[in-house]
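Just below is one structure, and these are the notes that go with it.
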Amino acid sequence: MKKDKTGDNARPYKLAHQLVSLTGISFQRKNILGMVELTIIPLKNNLQFIKLNAKQCRIYRVTVNENIEVPFQYFDPFVDITQNKDEEPTLTEFSAAHLNAAQITEPDNNNGELVISLPVEVTTSVSDGTSIKISVEYSLEQPSGGVHFVIPEGDGSLVERRAHMFTMCFENSSRLWFPCVDSYAEPCTWDLEFTVDENMTAVSCGDLIEVVAAPDLRRKTYYYSLSMPTCAPNIALAVGPFEIYVDPTMHIITHFCLPGLSELLPTAAKYTHEALEFYEDTLSNGYPYSCYKQVFVDETPTDYASYASMGIMSVNLLHPKQIIDQVYVSKKILAQVMAEQFFGCFISTQNWSDWWLTCGIALYMSGLFAKKCFGNNSYREWIHNELTSLVRYEEEIGPIVLDPTQQPAPTSSGLVSPGGTSNPGFSLSFNNVQNTNEISNFYFSTRSLHTISPRYFHYMTKKAHLVLRMLENRIGYSLLLQVLNKHLSLASNASQNPMNSGLWGHMLISTNIFNKTIFTVSGIDMSVFIDQWVRTGGHAKFTCTFVFNRKRNTLELEIKQDAVSQRGIRKYVGPLLVSIQELDGPFKHTLQVEGNVARADITCHSKSRRNKKKKIPLCTGDEVDIDLNAMDNDSPVLWIRLDPEMTILRSCIIEQPEYQWNYQLRHEKDITAQMEAVIALDKFPTIATRNALCDIIENEQVYIHVRCKAAHCLTKIANAMVTNWTGPPAMLGTFKKMFGSFSCPHIIKQNNFSNLQHYYLQKTIPIAMAGLRNSHGICPPEILKFILDLIKYNDNSKNRYSDNYYRASLIEALGATITPVISLMQKACDITADSLSGDSKLILEEITQHLNLEKRLQTYKYPITITCLKAIRKLQKFGHLPNNPNIFRSYSSYGNFIGVRLCALEALVDFTCLDGRWDDLKYLIDIADSDPDPKVRNELVRMLCKNPPFTPKKPNSRLNNDYLSHHLWKLINSLLSYDTTLRCNFVDLYYTLFGRQKILRAEV
């Protein structure tokens, strides 16, 4: 039987070993001089060409078997994607050319930028098992992608300025810094040699064999060996004057950071070894490599990147022990990097379209670790937020197909497993929709990682994780872990035979292989599941209504799918779990959804409330007293939920009365149900809703993020009830009761953040209160005075934790009190200090004072500066300050902290969108085009996509001109050939501004 063509058998040879030797790394010139040597084993006798991947490399010489110089051809289609067409093609035509450029250099299609011709004497001498060594001498000159040099300005040596460099490539882009077979499906062993200056340290993958100093002692060479078969995209390098910290608990882990930051490493070390121990225990497999190195560097395009036995992370993940807020972020990211060591680095993919598997498994494992660390409530909140954001994206942009390379099999009414048994429990099904039709509506191609929109890619990762979690719900937690264990065990056995590269295929995973492993372990065929959720895009959308039939004591339930024709939504066929909380307890019912409307008469287990028990049992087993005076006397139903365990990719709209949402919020213990109830209750501005939200905010047994969400919901309720609200402003009494001094409640106690629930409430409630408005639409004066007093009397002298994020939240609250000016001044009058209202003066003085103070007394990540800039922009938008971008330009310049820069740039984007001139937009485009920090460039383009100055539907703008169109076109067509992420971000921007057909309106 003919073997399917996959990434690991697409080439007429097998890569056995590769040497990478960088003999010259010049920080002054930002140049690299190097050589690679690939050892390949031909799989056929008449091998005439070897195709390798290499971008932005100047190739000097190619030799075969060390002494035979051979001819070669080099062609990079991304340098001119549309191939010099006289006119700018439409974005649709560009998308086709973009995909073609990616495919003709795709290594899994046996393609590449560098084509090497083998001479006759080499091809004729090839026999079975005879290896060929191919050497390529090359250089990189001021690389614009894949390799990043960070050389801070100032006096002193490179070491004193903390100059460093590192590689961080988007997916399979190692070709940007060395010639290779840039495929996830071509693992091999590695020797890595890096010559650096005497005061520099080179950190790379594998074991450090030795460090040899040059005779003049001015340079030294680091020799690394990676005996574990690894694919080229998982090779990385970092060079700099690093300080080193060996994990005291687990000596195989070593941490590297820039000078002066070593005291922050012990915290990161703790996170890392905790995650490693958890994964080893959970997967019943040891860490696959002999060592692990994590390097913290500056100006990373993303927060982290995982490579074989190595992780490169942003220095901004490090934090002192006094910082609370960063703990959750850093711990999750460092755990994610470690999870990718198992799935992503050690186990790679057979094709790029199988990428969803390694990504989803790694996210699933890091989610389990986060669940262990932060609790089940935090985990379920994360799943709920991921699902909600995915649904929102698919309804905005379109359905996400995880594997667009293979069509789903036609659906049938009877699903049969390979064992021959019917499997109705897994009859989840969409109508058969051709996924090619689904994805053809995008303005970018989803058939290559190098043409895909970065935003689409971001939500693909979310969907990959959610699909893995759905799989867990269907086959069970323990069986899924057995499947993962089996893959790791096979890969581990294969890796122990470095001389038998034929076994290395076990280190690759694919959708089909994964499905077969599931059937082997569990006996369950998941082919239909794969077709429905991996090879088909979209999600279900349910609208649930119900009526209680008193005579029959039944609940007449109706579930509609009336939005199946809308973008991103698909008709769902299969079982759907309905959870009904009755007076006698919770009862679950599985309904079979087959059409656009599903109806069911569900017999209630309870009688009316007149015959109720004293206490009502909940799903947790607890029995509670519930005040039933608000409910229907004849109905025993307290509330209803659809798919409570989030086992389907779906959105649910449940139409139930206010009192049932109140009961659900007060008494349902699942935090996702509480979140849904809070969201629903903002449509019911009543006293009952107000009381329920107040009780939730004050209830110490409720999950903290539910309490914070309830606080913001109470703001909306209070504003809707402003005409009949009685008593003090909402939450003012609650805050004083929780944080006021015992002897004098109106004076706030000294800060004590040891109770994290109180800490987050203390940050959130002032912001929520600042959103309150009186009948005139302005913030009540007592609220403004209260917030100013909180700032004035804030005392952190006896607190073990930093209060910088708390103070930033108070400034944010101050900004939230700002409302538009009541009367517009005449155009001839300028806004001056004398023209400001008294409240505006107080706000501006406080903001200015804190903005200047943080320049002197710098805090971790400058959160106060960030919130001050946001407040200043709000003062400008609402007419309290002149609309001037200069302050934001100064804070957006290179050299400021990246968080401050991004905040200032966001303000500039907003200014440009509303009041900007061409110079303002050009300033932003220039930063996005040429700023030294790659993350700033990408984030700025995304800001412009989110808040564009004009769109195809509203093209009449003075900023819409030929120059902008042509400049963006040159960027995406040629100038950004070495930066996939930025190029695709600019494609998104081009589409946002001009659509598929560009519309030009004005000259500059």
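Quick note, in numbering that gives the first Met the number 0, the sequence shown goes up one by one and the last residue is 1003. No residue lacks a Cβ here, since even glycine has one placed at the ideal position from N, Cα and C.
Check whether the Cβ atoms of residue i and residue j sit closer than 7 Å, and answer yes or no.
i	j	result
Val-466	Trp-532	yes
Val-705	Gln-663	no
Ser-819	Ile-782	The displayed chain sequence assigns Pro, not Ser, to residue 819. Not a contact, by the Cβ cut-off of 7 Å.
Phe-48	Val-119	no
Asn-52	Cys-168	no
Cys-204	Ser-308	yes
Lys-54	Tyr-990	no
Within the continuous beta strand (DSSP E) that includes residue i, where are the two ends?
i	result
Trp-381	Here Trp-381 belongs to no beta strand (DSSP E); instead the alpha helix (DSSP H) covers 375-395.
Leu-207	206-212
Pro-1012	With the chain represented from 0 up to 1003, any question about residue 1012 goes unanswered, as that position is not in the structure.
Ile-311	309-313
Tyr-759	Taken as a continuous stretch (DSSP letters only), Tyr-759 belongs to no beta strand (DSSP E), being part of the alpha helix (DSSP H) at 755-769.
Gln-321	That residue, Gln-321, is in no beta strand (DSSP E); it is neither H nor E in DSSP.
Asn-885	No beta strand (DSSP E) contains Asn-885, which is instead part of the alpha helix (DSSP H) from 885-891.
Tyr-222	218-229
Leu-18	12-25
Ile-703	No beta strand (DSSP E) holds Ile-703; the alpha helix (DSSP H) holding it covers 703-719.
Glu-557	553-559
Lys-292	291-296
Ser-156	Counting along the chain, Ser-156 falls outside any beta strand (DSSP E), and DSSP gives it neither H nor E.
Report, in whole angstroms, the separation of the C-beta atoms of residue i and residue j, which I expect to be a contact under 8 Å.
i	j	result
Pro-616	Gln-591	Not quite, the Cβ-Cβ distance comes to about 28 Å (not below 8 Å), so this is no contact.
Phe-177	Val-19	5 Å
Lys-1040	Cys-372	Because the chain spans 0 through 1003 in this model, residue 1040 falls outside it and cannot be assessed.
Met-768	Thr-646	Incorrect: roughly 38 Å between the Cβ atoms, too far for contact.
Phe-443	Val-940	About 14 Å separates the two Cβ atoms, so there is no contact after all.
Val-202	Ala-237	5 Å
Quick check on residue i: does DSSP put it in helix, strand or coil?
i	result
Thr-248	coil
Trp-724	coil
Gly-878	coil
Val-1003	Residue placement at Val-1003 cannot be trusted, given a pLDDT of 39 that sits under 50; what the coordinates show is reported in the next sentence. Val-1003 falls in the coil class under three-state DSSP.
Tyr-137	strand
Asn-52	strand
Val-677	helix
Thr-435	Interpretation of Thr-435 is limited by its pLDDT of 41, a score under 50 that renders its predicted location unreliable; the figure taken from the coordinates is listed afterwards. Here Thr-435 sits in helix by DSSP.
Met-525	coil
Gln-565	coil
Arg-598	strand
His-505	helix
Asp-978	coil
Met-167	coil
Val-114	strand
Cys-187	strand
Arg-640	strand
Asn-514	helix
Gly-419	For Gly-419, the predicted model reports a pLDDT of 34, less than 50, meaning its position is unreliable; a value from the coordinates is still stated below. Note: Gly-419 maps to coil in three-state DSSP.
Lys-969	helix
Tyr-658	helix
Cys-867	helix
Ile-303	For the sequence presented, residue 303 should be read as Tyr rather than Ile. Note: Tyr-303 maps to strand in three-state DSSP.
From the DSSP output, which residues share a beta bridge with residue i?
i	result
Cys-256	Glu-242
Ala-672	None; Ala-672 has no bridge partner.
Lys-587	Ser-578
Cys-358	Per DSSP, none; premise fails for Cys-358.
Glu-68	Thr-62
Phe-541	Cys-651
Tyr-73	Leu-113
Asn-895	Tyr-893
Gly-1006	Residue 1006 cannot be examined here, being either before or after the span of the chain that is shown, 0 to 1003.
Since residue i is in the alpha helix (DSSP H), which residue starts that stretch and which ends it?
i	result
Ser-329	324-341
Leu-90	90-102
Arg-473	453-474
Tyr-922	917-929
His-272	264-282
Ala-9	Taken as a continuous stretch (DSSP letters only), Ala-9 belongs to no alpha helix (DSSP H), as it is neither H nor E.
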